[in-house]
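*Asks:* Chains as they are written, first to last, in this note's numbering: chain A, 1 to 222; chain B, 223 to 444. The C-beta atom is built at its ideal place from N, Cα and C for all residues, glycine as well.
There are 2 protein chains.
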Amino acid sequence: MSENDLKQEVTDKYSLRGRVFSRLREDILSGKYEEGEELREVAIGEELGVSRTPVREAFRQLELEGLIRIVPNKGAYVTGISAKDVKDIYMIRSRLEGLAARWATEHITDEQLEEMEENVYLAKFHAEKGHLEQLAELDNRFHEIMYEASGSKMLEHQLKDFHQYVIRVRKKTLSSARGPKSNLEHEGIMEAIKARDPELSEKLAHEHIINAYENLVKNGFA
Amino acid sequence: MSENDLKQEVTDKYSLRGRVFSRLREDILSGKYEEGEELREVAIGEELGVSRTPVREAFRQLELEGLIRIVPNKGAYVTGISAKDVKDIYMIRSRLEGLAARWATEHITDEQLEEMEENVYLAKFHAEKGHLEQLAELDNRFHEIMYEASGSKMLEHQLKDFHQYVIRVRKKTLSSARGPKSNLEHEGIMEAIKARDPELSEKLAHEHIINAYENLVKNGFA
DNA sequence: CTGTGTATTATTGTATACAATCAAACATTT
DNA sequence: AAATGTTTGATTGTATACAATAATACACAG
Chain A
1 MSENDLKQEV TDKYSLRGRV FSRLREDILS GKYEEGEELR EVAIGEELGV
51 SRTPVREAFR QLELEGLIRI VPNKGAYVTG ISAKDVKDIY MIRSRLEGLA
101 ARWATEHITD EQLEEMEENV YLAKFHAEKG HLEQLAELDN RFHEIMYEAS
151 GSKMLEHQLK DFHQYVIRVR KKTLSSARGP KSNLEHEGIM EAIKARDPEL
201 SEKLAHEHII NAYENLVKNG FA
Chain B
223 MSENDLKQEV TDKYSLRGRV FSRLREDILS GKYEEGEELR EVAIGEELGV
273 SRTPVREAFR QLELEGLIRI VPNKGAYVTG ISAKDVKDIY MIRSRLEGLA
323 ARWATEHITD EQLEEMEENV YLAKFHAEKG HLEQLAELDN RFHEIMYEAS
373 GSKMLEHQLK DFHQYVIRVR KKTLSSARGP KSNLEHEGIM EAIKARDPEL
423 SEKLAHEHII NAYENLVKNG FA
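1. Three Cβ pairs or more, each shorter than 8 Å: is that satisfied between the region 420–435 of chain B and the region 341–352 of chain B?
2. Rounded to whole angstroms, what's the CA-CA distance from A/Met190 to A/Ser201? Just pull it up for me.
3. Less than 7 Å between the beta carbons of B/Phe364 and B/Arg315, yes or no?
4. What is the C-beta distance between B/Ile266 and B/Arg390, in whole angstroms, given that I count them as a contact (C-beta under 8 Å)?
5. If the criterion is Cβ atoms closer than 7 Å, does the pair A/Thr79 and A/Ile68 meet it?
6. Going by Cα to Cα distance, which pick from A/Pro54, A/Met154 and A/Ala101 is closest to A/Ser15?
7. So what does DSSP say about B/Asn433, is it helix, strand or coil?
8. Apply the 10 Å Cβ neighbour rule to A/Asp139 and answer buried if 16 or more other Cβ atoms are within range, or exposed otherwise.
9. Quick one: give me the first and last residue of the beta strand (DSSP E) that B/Gly297 is part of.
10. Measuring CB to CB, does B/Met376 end up less than 7 Å from A/Asp110?
11. Identify which residue in A/Thr105, A/Val42, A/Leu24 and A/Glu114 has its Cα closest to the Cα of A/Arg196.
12. Should B/Glu279 and A/Arg60 be called a contact, given that it needs their Cβ atoms to be closer than 7 Å?
13. Using the Cα positions of B/Gly352 and B/Glu256, report the straight-line distance between them to the nearest angstrom.
14. Along the alpha helix (DSSP H) that carries A/Ile81, what are the first and last residues, could you check?
15. Report the partner residues of A/Glu156 according to the DSSP bridge assignment.
16. So what does DSSP say about B/Val272, is it helix, strand or coil?
Quick look at the structure:
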């Protein structure tokens with residue numbers, strides 16, 4: 001719910017521009033458009049059945065989201081992320097996720113905690129079955145719950161912005177099978193939150209992201 | 223230099239849209255347009271002598287920057303920042319500035335270190351003279367140097383995004399005279415960087431932002 | 001007088017027409 | 001043949017015209 005809360009502000013999915021924005025966003029993150037590829041206004045417009053105007057406006061937004069780079073009078077190009085960028089992102093996230101965990105410890109509601117428990121429980125099931133797809137989905141959701149539980153729109157916004165990069169990186173590394181271990185760490189964070197121990201939850205959430213990054217490196221990411 | 227580096231990508235100051243964007247940004251941050259005020263496309267366009275098209279595109283960008291909020295089919299409104307938002311921003315910044323200081327310790331160049339020393343030295347002078355305007359300017363610049371010295375475009379981008387909020391808050395509190403104390407803390411951070419002590423520089427930079435926030439609260443910010 | 005429905009008007013959303021810019025192919029000169 | 005100038009086509013930048021939407025004022029029924 002709160003997922004859409006923020007997004008709708010920005011994407012406005014009932015306007016053409018909003019639909020173009022969402023669609024392009026998806027297509028870039030899913031890898032349909034590759035790094036460095038040029039996006040032409042008319043081509044995109046024709047493909048989606050709209051004029052250049054909404055496409056251009058969507059471009060401006062995608063640029064600020066960091067997904068494309070617009071060179072004046074030339075064109076729009078899908079941005080690449082360097083290995084250094086990825087490392088920086090994970091390090092920044094490690095700090096912010098720690099903060100989110102701390103705040104979640106202080107503000108989480110009973111409903112949110114319940115969803116978290118359900119999430120961890122379900123993930124354990126899918127981990128045993130080897131359902132990587134569902135596992136990735138639950139992983140994403142776990143973090144979102146924590147962002148929402150932090151009670152900070154500002155922090156939630158920041159972290160969700162980063163999340164798109166994480167998705168892109170996952171596509172590249174073909175979602176390495178860290179699932180089970182990741183879920184164990186989620187459980188640890190959750191227990192710290194339940195125990196109302198902000199110090200511990202922050203520490204664990206911080207380490208969780210560091211571990212995720214190290215796994216990424218181990219699995220051959222540049 | 224690197225200041226414009228990032229900004230130009232986004233603002234493109236030689237296009238009408240870029241000029242509209244920069245101008246509106248300034249006007250909102252300077253307080254010309256107040257919180258909640260509605261911005262009409264034609265009115266802004268007429269004032270700046272351009273059509274609605276570049277204005278609309280600028281609006282989309284300002285929305286993602288968090289300066290205005292666009293309600294579909296209704297209008298664009300200057301966003302307000304709540305006391306809670308300000309607190310969250312400072313807490314988030316405290317983490318990220320700490321990280322910036324740590325990375326700066328590892329990557330700072332001789333030139334950057336020199337500019338930092340000059341900055342602290344000059345600030346000491348202006349602090350004695352009571353030149354609040356220059357002091358604020360040098361304060362901003364100190365942080366920018368640190369961002370640049372961090373060697374991380376990602377982190378630099380994040381922190382500069384937040385900076386606009388800091389400017390807005392300053393306008394509200396009429397820049398309380400924390401100048402001298404702040405500069406002393408800058409000096410401490412710089413010394414830690416010079417001593418190549420990432421642990422210490424991170425800790426000091428972190429505390430620096432916390433102190434800035436507490437001063438804000440003490441000086442009557444809600 | 002109150003509440004509801006309708007017309008009016010202002011404003012945003014989208015499409016299109018025109019201007020400016022850039023890149024590449026071609027021609028021209030040395 | 002190499003370097004430079006020029007034309008051409010494609011693409012973005014901007015302005016304007018038209019469509020859709022929302023808020024307001026007003027009329028009218030109860």
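*Replies:* So, from the listed chains and residues:
1. no
2. 8 Å
3. no
4. No, B/Ile266 and B/Arg390 are not in contact; Cβ-Cβ is about 20 Å, not under 8 Å.
5. yes
6. A/Pro54
7. helix
8. buried
9. Gly297 to Val300
10. no
11. A/Thr105
12. yes
13. 29 Å
14. Taken as a continuous stretch (DSSP letters only), A/Ile81 belongs to no alpha helix (DSSP H), as it is neither H nor E.
15. According to DSSP, A/Glu156 bridges with nothing at all.
16. coil
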